[in-house]
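Engineer: Just so it is clear: in the sequence shown, position 28 is 28 by full-length UniProt numbering, and no numbers are missing.
Cβ coordinates follow ideal geometry from the N, Cα and C atoms, glycine included.
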Amino acid sequence: MKKYEVYKNIRKRAIIFGLPISLFALMMIAIVASLLVIIFSFSFIVVIGVLIGNTTLYIALTKFAHNPQLLQVARVFPKIISNKKSTTYE
């Protein structure tokens, strides 16, 4: 009889609409905020601007999801790695 291993880390690689869960949540917050802007504004230009803004945010988030190095600002490793005790003379 075959034994199947339980996969417990399913949330690590879960993808919704091509985005990881954290980026999808960010997109949903942006959509809810833009819906509030649309509801309380009576301008057609604002509606078009919100649609364009949400589209650009989705495109940017999918690019960041496929290439995570784009979000990396600082260096991962220091220039020098040493086991020496750091001493300061005063």
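(1) According to DSSP, Ile15 sits in a beta bridge with which residue or residues?
(2) Where does Leu19 land, buried or exposed, given buried means 16+ other C-beta within 10 angstroms?
(3) Between the Cα of Ser22 and the Cα atoms of Asn83, Phe64, Ile80, which residue gives the shortest distance?
(4) Please report how far the alpha carbon of Ile59 lies from the alpha carbon of Phe42, in whole angstroms.
(5) Taking only three categories from DSSP, how would you classify Val32?
(6) Comparing alpha-carbon positions, which option in Lys2, Leu57, Thr87 lies nearest Ile31?
(7) For Val46, does the three-state DSSP call read helix, strand or coil?
Structural biologist: According to the structure data:
(1) To locate residue 15, count along the sequence shown from 1; it is residue 15. Its beta-bridge partners are Pro20.
(2) Taking the first residue of the sequence shown as 1, we reach residue 19 at position 19. It counts as buried.
(3) Counting from one through the sequence shown, the residue named residue 22 turns up at place 22. Minimum Cα distance to Ser22 is reached at Phe64.
(4) If you number the sequence shown from 1, residue 59 lands on position 59. If you number the sequence shown from 1, residue 42 lands on position 42. When rounded, the distance between both Cα atoms is 27 Å.
(5) Along the sequence shown, read from residue 1 onward, the residue named residue 32 stands at position 32. Val32 falls in the helix class under three-state DSSP.
(6) Within the sequence shown, numbered from 1, the residue matching residue 31 stands at position 31. With distances taken between Cα atoms, Ile31 lies closest to Leu57.
(7) Taking the sequence shown and counting its residues from 1, one reaches residue 46 at position 46. In this structure, Val46 counts as helix in the three-state DSSP scheme.
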